[in-house]
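Asker: Here's a structure for you.
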Amino acid sequence: MHWTRETLQKVLSLSPRDLGMELVYDVCHNIGKFEEHLVEGKRKNIFVHRKGATRAFPAHHPLLPSIYQSVGQPVLVPGDMGTNSYIMVGTELAMKESWGSTCHGAGRVLSRSKANKVARGRELEKELEEKGIFILTKGRRTIAEEMPEAYKDINEVVGIVEKAGLSRKVAKLRPLGVIKG
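In the numbering used here, the protein residues as written are 31 to 211.
Given below as structure tokens:
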């Protein structure tokens, strides 16, 4: 967030206050943490490794910051460069079924090398612009590796996660711009 704010401040010549950018939530994914969970009816301190996943704690969970105690943990589920992203919230069922875990994105369908092969000869920047999405990146390879076809359908993934009760949809977001490092 800091670097994004700093970059936009330089490019747009606006103060941080004028930008109106504030951190809403900061959460890790693809990590391991010691947490207390119910295992075979007993409370145990276990090491939870979330690979391709993030926390989805329900309202009133003791590890949630006070601002989220009444609603539950925000779950940020990014789509790809050309699709929606979602904000979801953790549930009680996630605590029982997945130790408070849920998806943190759609997941890849194509490896990075396969995506580069599929993208050869295409004007990906133009394809995204035609959808009203503008991209700023260091190089074409990054765009190819992250192109929309490289990922599963985010709407389908979020629908399945919600139907399974691991998290609940709160907001659907549409990308206006993409910044890739």
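Note that the Cβ used here is the ideal one computed from N, Cα and C, for glycine as well.
Computed from a prediction, not measured in an experiment: that's the story for all the values here.
Between the alpha carbons of Lys63 and Val200, how many angstroms are there, rounded?
Answerer: Each residue's Cα considered, the two are about 26 Å apart.
Asker: Would you mind working out which of Cys133, Glu36, Glu70 and Lys147 sits nearest Ala194, comparing C-alpha positions?
Answerer: The option with the nearest alpha carbon to Ala194 is Cys133.
Asker: With DSSP run on the structure shown, which of helix, strand or coil describes Lys144?
Answerer: Helix, per DSSP.
Asker: By alpha-carbon positions, which one of Ile190, Phe77, Pro108 and His32 ends up nearest to Ile61?
Answerer: Of the candidates Ile190, Phe77, Pro108 and His32, the one whose C-alpha sits nearest the C-alpha of Ile61 is Phe77.
Asker: Would you identify the three-state DSSP class for Leu42, choosing helix, strand or coil?
Answerer: If DSSP states are grouped into helix, strand and coil, Leu42 belongs with the helices.
Asker: To which residues of the same chain is Ala174 closer than 7 Å at the C-beta, ignoring the five residues directly before and after it?
Answerer: Excluding positions up to five away in sequence, the list reads Ala145, Asn146, Ala149 and Leu154.
Asker: Expressed to the nearest angstrom, what Euclidean distance is found between the alpha-carbon atoms of Gly207 and Ser96?
Answerer: Spanning the two alpha carbons is a distance of roughly 32 Å.
Asker: The beta strand (DSSP E) with Arg170 in it runs from where to where?
Answerer: Where Arg170 is concerned, there is no enclosing beta strand (DSSP E), although the alpha helix (DSSP H) it sits in stretches over Arg170 to Glu175.
Asker: Run the CB neighbour count on Gly130, radius 10 Å, all protein chains shown included, and call it buried at 16 or more, exposed below.
Answerer: Buried, because 16 or more other Cβ atoms sit within 10 Å of the Cβ of Gly130.
Asker: Helix, strand or coil: which one does DSSP assign to Glu66?
Answerer: In the structure shown, Glu66 sits in a strand (DSSP, three-state: E or B).
Asker: According to DSSP, Asp166 sits in a beta bridge with which residue or residues?
Answerer: Asp is not the amino acid found at residue 166; the sequence shown has Leu there. Leu166 is bridged to Ile209.
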